[in-house]
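Protein chains: 2
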Amino acid sequence: MNAEIITIGDEILIGQIVDTNSQWIGKQLNKIGVTVHQITSIQDDKQHILNALKLAQERVEIVIITGGLGPTKDDITKKTIAAFFNDDDLVEYPEVLTHIKALFKKINHPFKEVQIAQASLPSKATLLMNDFGTAPGMWFYENNTVFISLPGVPYEMKGLLTKEVLPRIQKQFKLPHIIHKTIMTYGQGESRIAEKIEDFENNLPSYIKLAYLPSFGRVRLRLSAKGTNKEILENELDNKINQLYQLIPEIITGLEEVNSLEMRVGELLKKANKTIATAESVTGGKIASALVSVAGASDYFKGSIVAYTAETKINLLGVSEETINKESVVSKEVAIEMARGVKEKLQTNYAIAVTGNAGPTSDHNNQGVGVVFIAFVSDDQEIVQKFNFGQPREKVINKTVSKSLEILRKEIL
Amino acid sequence: MNAEIITIGDEILIGQIVDTNSQWIGKQLNKIGVTVHQITSIQDDKQHILNALKLAQERVEIVIITGGLGPTKDDITKKTIAAFFNDDDLVEYPEVLTHIKALFKKINHPFKEVQIAQASLPSKATLLMNDFGTAPGMWFYENNTVFISLPGVPYEMKGLLTKEVLPRIQKQFKLPHIIHKTIMTYGQGESRIAEKIEDFENNLPSYIKLAYLPSFGRVRLRLSAKGTNKEILENELDNKINQLYQLIPEIITGLEEVNSLEMRVGELLKKANKTIATAESVTGGKIASALVSVAGASDYFKGSIVAYTAETKINLLGVSEETINKESVVSKEVAIEMARGVKEKLQTNYAIAVTGNAGPTSDHNNQGVGVVFIAFVSDDQEIVQKFNFGQPREKVINKTVSKSLEILRKEIL
């Protein structure tokens with residue numbers, strides 16, 4: 348069963364907003380066994396909408412349309428869908444009108460004439476009641492294709508999809524199961540991994556797909572399975588994942604979601620009953636905020652000193668001015684002194700410190716753009732490593748964060 | 348001149364990632380006068396890619412394709428585009444091979460055979476050199492349509508688009524100007540606003556479009572103008588905005604900023620020659636890393652103390668133990684003392700501090716999940732505000748960051 352998501356609104360096309368609705372809808376449809384074949388974002392334009400609906404009807408069984416259902420002139424979805432179905436009859440739903448009036452009363456806004464039209468739907472539509480807003484959802488069924496029109500406001504769309512749309516799709520169609528499992532790896536590029544698992548990949552059955560998802564020093568390997576028996580699919584995917592663990596044990600950090608790198612570090616620290624602090628220059632607190640993104644981080648994360656200037660490194664972290672003058676702020680000596688300093692100040696078992704040049708220009712030090720030193724200090728060891736993360740700035744910062752978490756994980760283990 | 352953006356990759360369709368690339372591309376194209384007609388996200392599937400290319404060619408003059416250029420088996424974009432152009436000849440570019448080998452050497456990874464193919468392009472392609480990665484971009488021109496293929500890794504795509512693609516498009520086509528200005532309003536729904544500005548809307552010239560963008564409690568009004576003379580368009584839009592200011596003065600809060608909040612804060616600080624530090628609990632360094640994401644931040648950002656535990660707040664920021672015991676760590680008093688502490692320690696003109704409960708559970712304090720205090724301290728004033736950002740954790744953290752930057756901007760102004 349295939350679906351297409353059509354989002355209507357210039358704000359996505361001109362880059363004013365990011366289309367997060369489609370991502371959320373895609374995830375929910377996948378969970379009930381519907382494959383999203385395509386996502387199409389189009390303009391608030393009658394002919395464009397009609398064309399998109401026609402093409403989608405030729406491609407898929409389920410078309411989900413979001414946006415353009417408001418009461419103002421620029422919202423033309425409802426009348427365009429009516430034109431698509433040659434449906435001139437509008438039916439007014441008294442329960443929708445009552446609901447809209449109640450909403451306006453609740454927020455103390457006067458009810459306006461223009462809102463009345465919101466309570467009328469084309470005669471071929473089935474009403475999907477929108478508890479959280481004034482624009483109702485609509486369900487059409489024609490020539491074996493379902494068309495669902497939803498408002499673009501995220502929480503209204505989510506409420507309608509969860510309560511009305513997904514149950515109806517499950518009732519209307521016999522759906523397969525789709526399962527994804529994603530393994531996280533670090534430290535090797537996709538080409539190197541591909542070489543190591545070439546036989547594995549060539550021998551995958553046709554109902555299991557492998558995808559490589561590279562980003563900032565990490566590659567995620569996603570296995571997707573589709574079929575009618577959920578238990579068999581789950582078992583097959585678990586088998587394949589075990590095979591991967593045997594083929595590339597040295598680079599796998601765990602399964603995605605259950606085990607992101609920062610979650611894994613958190614689990615290890617919690618289990619060992621150890622605490623950590625960070626001293627950050629080039630990353631500006633981004634390692635700390637990755638650690639804090641995990642609920643319960645206060646059990647092991649005590650804090651961080653973000654020392655963005657030499658002055659702050661000296662005053663807050665106790666880095667010696669002599670070291671900075673002799674070695675420059677971007678040096679292994681300064682990285683180590685930063686780590687020692689924050690460990691001492693925050694009284695933790697472990698500390699990680701980073702100093703580097705994110706660019707675009709190299710300032711007051713003798714290292715090129717992209718050079719970063721990462722230091723790890725524990726009660727019984729001190730390690731410092733030099734990296735060159737190249738350019739641009741965003742990449743240097745992100746690679747420093749993920750490399751720091753990797754080092755942490757490895758050393759705590 | 349119309350463009351279509353085609354993103355290739357199941358990860359968008361199954362909802363594993365949000366398509367932020369298209370938003371960024373849309374924005375850049377708009378700036379040079381190219382209208383994005385449609386964004387299409389499709390599967391890693393040969394037939395699907397061929398169909399999408401064909402339909403796009405019928406609709407627009409510029410087709411930008413991202414994704415699917417990696418060295419592994421699931422990356423099929425290059426050979427599919429070659430098939431689309433009936434182009435069986437592959438040409439190897441020695442300069443690309445040298446570049447790839449240098450990249451591998453720099454990160455100390457062994458160069459793999461599978462990478463050699465990355466240096467070959469279909470004979471009809473013009474090479475677009477990718478400084479930041481191994482997959483080159485490609486430029487094709489056929490039947491008055493330009494096809495541009497770019498890697499999906501965001502910083503590689505951004506580098507190529509900025510350096511190679513946009514200048515070539517500007518050279519190839521005579522482009523109009525497209526200008527958007529967005530007014531922010533607060534406190535009234537779109538139907539009520541529409542009523543008040545009905546005459547204004549009906550009298551807009553055909554080259555100016557008005558859109559209503561509602562989101563909880565706020566409606567943004569976007570005016571878009573398209574034409575050949577930039578100055579005239581700018582003047583016309585400014586006129587229309589002045590008219591709106593006269594029609595609905597009571598609800599307009601200002602113009603939407605083109606630059607991000609952190610860039611705006613940075614500019615203001617640099618101009619005023621002032622410095623800033625942050626003291627963070629609940630955000631774990633995320634305000635600091637937002638400030639640091641702007642190149643040149645070292646001119647005004649001195650650093651941050653991330654104090655995630657009560658102990659660290661006392662030892663590093665000088666918050667009094669008595670205040671914590673009496674008021675709890677999540678309180679306006681602690682927020683103010685944190686801000687004073689970091690301002691003092693880092694010797695800055697301004698300081699911002701946050702303390703709150705991100706959840707999922709409320710720990711050792713008397714405030715509910717979602718409650719956050721934000722304090723701002725300068726040489727001559729102290730301000731502290733209480734917020735309730737609800738749930739979940741991620742939302743609380745992100746809202747705290749953006750509200751802190753908003754307060755900063757307002758107070759520095």
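Each protein sequence line maps, in turn, to chains Y and W.
Going by my numbering, the residue at position 178 of the first sequence is 525; the numbering climbs one at a time, nothing skipped.
Going by my numbering, the residue at position 137 of the second sequence is 484; the numbering climbs one at a time, nothing skipped.
For each residue, glycine too, the CB sits at the ideal point set by N, CA and C.
Between residue i and residue j, is the Cβ-Cβ spacing less than 8 Å?
{"i": "Gly414 (chain W)", "j": "Ile423 (chain W)", "result": "no"}
{"i": "Ala654 (chain Y)", "j": "Ala624 (chain Y)", "result": "no"}
{"i": "Glu351 (chain W)", "j": "Thr382 (chain W)", "result": "no"}
{"i": "Ser751 (chain Y)", "j": "Gln714 (chain Y)", "result": "no"}
{"i": "Val558 (chain W)", "j": "Asp392 (chain Y)", "result": "In the sequence on display, residue 558 (chain W) carries Ala and not Val. Not in contact: Ala558 (chain W) and Asp392 (chain Y) (Cβ atoms no closer than 8 Å)."}
{"i": "Ala722 (chain W)", "j": "Met685 (chain W)", "result": "yes"}
{"i": "Gly534 (chain Y)", "j": "Glu753 (chain Y)", "result": "yes"}
{"i": "Leu475 (chain Y)", "j": "Tyr440 (chain Y)", "result": "no"}
{"i": "Glu542 (chain Y)", "j": "Lys420 (chain W)", "result": "no"}
{"i": "Arg565 (chain W)", "j": "Thr532 (chain W)", "result": "yes"}
{"i": "Glu581 (chain Y)", "j": "Ile526 (chain Y)", "result": "yes"}
{"i": "Val666 (chain W)", "j": "Thr747 (chain W)", "result": "no"}
{"i": "Ile495 (chain W)", "j": "Gly484 (chain W)", "result": "yes"}
{"i": "Pro418 (chain Y)", "j": "Glu548 (chain W)", "result": "no"}
Using DSSP bridges, identify the partner residues of residue i.
{"i": "Ala686 (chain W)", "result": "Note: Ala686 (chain W) sits in no beta bridge, so no partner."}
{"i": "Ile412 (chain W)", "result": "W:Ile353 and W:Ser496"}
{"i": "Tyr647 (chain W)", "result": "Beta-bridge pairing links Tyr647 (chain W) to no other residue."}
{"i": "Tyr440 (chain W)", "result": "Tyr440 (chain W) pairs with nothing; no bridge assigned."}
{"i": "Thr625 (chain W)", "result": "W:Ser651 and W:Ile699"}
{"i": "His527 (chain W)", "result": "W:Ser571"}
{"i": "Phe723 (chain W)", "result": "W:Ile699 and W:Ile730"}
{"i": "Gly601 (chain Y)", "result": "Y:Met531"}
Can you give me the Cβ contacts of residue i inside the same chain, cut-off strictly under 7 Å, excluding the 5 residues immediately before and after it?
{"i": "Arg687 (chain Y)", "result": "Val724"}
{"i": "Gln763 (chain Y)", "result": "Lying outside 348 to 760, the shown extent of chain Y, residue 763 (chain Y) is not represented and no answer is given."}
{"i": "Ala619 (chain Y)", "result": "Ile759"}
{"i": "Tyr592 (chain W)", "result": "Ile599"}
{"i": "Tyr502 (chain Y)", "result": "Phe479"}
{"i": "Ile372 (chain W)", "result": "Ile352, Ile411 and Leu508"}
What residues of chain Y sit near residue i, judged by a beta carbon separation below 8 Å?
{"i": "Gln394 (chain W)", "result": "What Gln394 (chain W) touches in chain Y: nothing, since even the nearest Cβ is about 11 Å away."}
{"i": "Arg539 (chain W)", "result": "His456, Pro457 and Lys459"}
{"i": "Pro561 (chain W)", "result": "Gly417 and Val500"}
{"i": "Phe479 (chain W)", "result": "Gly737, Gln738, Pro739 and Lys742"}
{"i": "Ala449 (chain W)", "result": "Residues of chain Y passing the Cβ test: none, with the nearest at roughly 11 Å."}
{"i": "Lys453 (chain W)", "result": "Asn735 and Gly737"}
Please check the pair residue i and residue j, which I expect to be a contact at CB under 8 Å, by giving their CB distance rounded to whole angstroms.
{"i": "Glu408 (chain Y)", "j": "Asn490 (chain Y)", "result": "In fact, because the Cβ distance is near 10 Å, the residues do not count as touching under 8 Å."}
{"i": "Phe432 (chain W)", "j": "Lys471 (chain W)", "result": "5 Å"}
{"i": "Lys528 (chain W)", "j": "Leu602 (chain W)", "result": "6 Å"}
{"i": "Phe720 (chain W)", "j": "Ser678 (chain W)", "result": "7 Å"}
{"i": "Pro469 (chain W)", "j": "Ile530 (chain W)", "result": "In fact, because the Cβ distance is near 47 Å, the residues do not count as touching under 8 Å."}
{"i": "Gly362 (chain W)", "j": "Gln370 (chain Y)", "result": "5 Å"}
{"i": "Glu609 (chain W)", "j": "Ala642 (chain W)", "result": "So it is not a contact: roughly 11 Å between Cβ atoms."}
So which residues of chain W does residue i contact, with C-beta pairs closer than 8 Å?
{"i": "Gly650 (chain Y)", "result": "Ile652, Val653, Ala654, Tyr655, Thr656, Thr659 and Leu663"}
{"i": "Gly300 (chain Y)", "result": "Because chain Y here runs from 348 to 760, residue 300 (chain Y) falls outside it and cannot be looked at."}
{"i": "Asn377 (chain Y)", "result": "Ile361 and Gly362"}
{"i": "His527 (chain Y)", "result": "Ile361 and Gln363"}
In chain order, what residues of the same chain lie with their CB nearer than 8 Å to the CB of residue i, ignoring the 5 residues before and after it?
{"i": "Ser651 (chain Y)", "result": "Ala624, Thr625, Ala626, Glu627, Gly632, Ile634, Ala635 and Val689"}
{"i": "Pro457 (chain Y)", "result": "Phe451"}
{"i": "Leu522 (chain Y)", "result": "Met348, Ile379, Gly380, Val381 and Ile516"}
{"i": "Gly499 (chain W)", "result": "Thr354, Ile355, Gly356, Asn368, Thr413, Gly414, Gly415 and Leu416"}
{"i": "Val681 (chain W)", "result": "Lys660, Val666, Thr670, Ile671, Glu674, Ser675, Thr702 and Phe720"}
{"i": "Lys649 (chain W)", "result": "Thr622, Ile623, Ala624, Leu693, Gln694 and Thr695"}
{"i": "Ala399 (chain Y)", "result": "Ile353, Thr387 and Ile389"}
In its own chain, which residues sit with a C-beta less than 6 Å from the C-beta of residue i, not counting the 5 before and 5 after it?
{"i": "Ala403 (chain Y)", "result": "Glu351 and Val410"}
{"i": "Asn735 (chain Y)", "result": "Gly717 and Val718"}
{"i": "Glu668 (chain W)", "result": "Ile661"}
Going along chain W in order, which residues have a C-beta closer than 7 Å to the C-beta of residue i?
{"i": "Lys633 (chain Y)", "result": "Gly632 and Ser636"}
{"i": "Pro707 (chain Y)", "result": "Ala642"}
{"i": "Lys621 (chain Y)", "result": "In chain order: nothing, as chain W lies at least about 14 Å away."}
Show which residues of chain Y have a CB atom less than 9 Å away from the CB atom of residue i.
{"i": "Thr387 (chain W)", "result": "Gln385, Ile386, Thr387 and Ser388"}
Closer than 9 Å by beta-carbon distance: list the chain W residues that pair up with residue i, in chain order.
{"i": "Leu513 (chain Y)", "result": "Those within 9 Å of Leu513 (chain Y) in chain W number zero; the least Cβ separation is about 14 Å."}
{"i": "Gly536 (chain Y)", "result": "Pro418, Phe451, Ile454, His456, Lys459, Gln462 and Thr481"}
Closer than 7 Å by beta-carbon distance: list the chain Y residues that pair up with residue i, in chain order.
{"i": "Glu729 (chain W)", "result": "By Cβ distance, chain Y contributes nothing, its closest Cβ being about 22 Å from Glu729 (chain W), past 7 Å."}
{"i": "Leu557 (chain W)", "result": "Asp421"}
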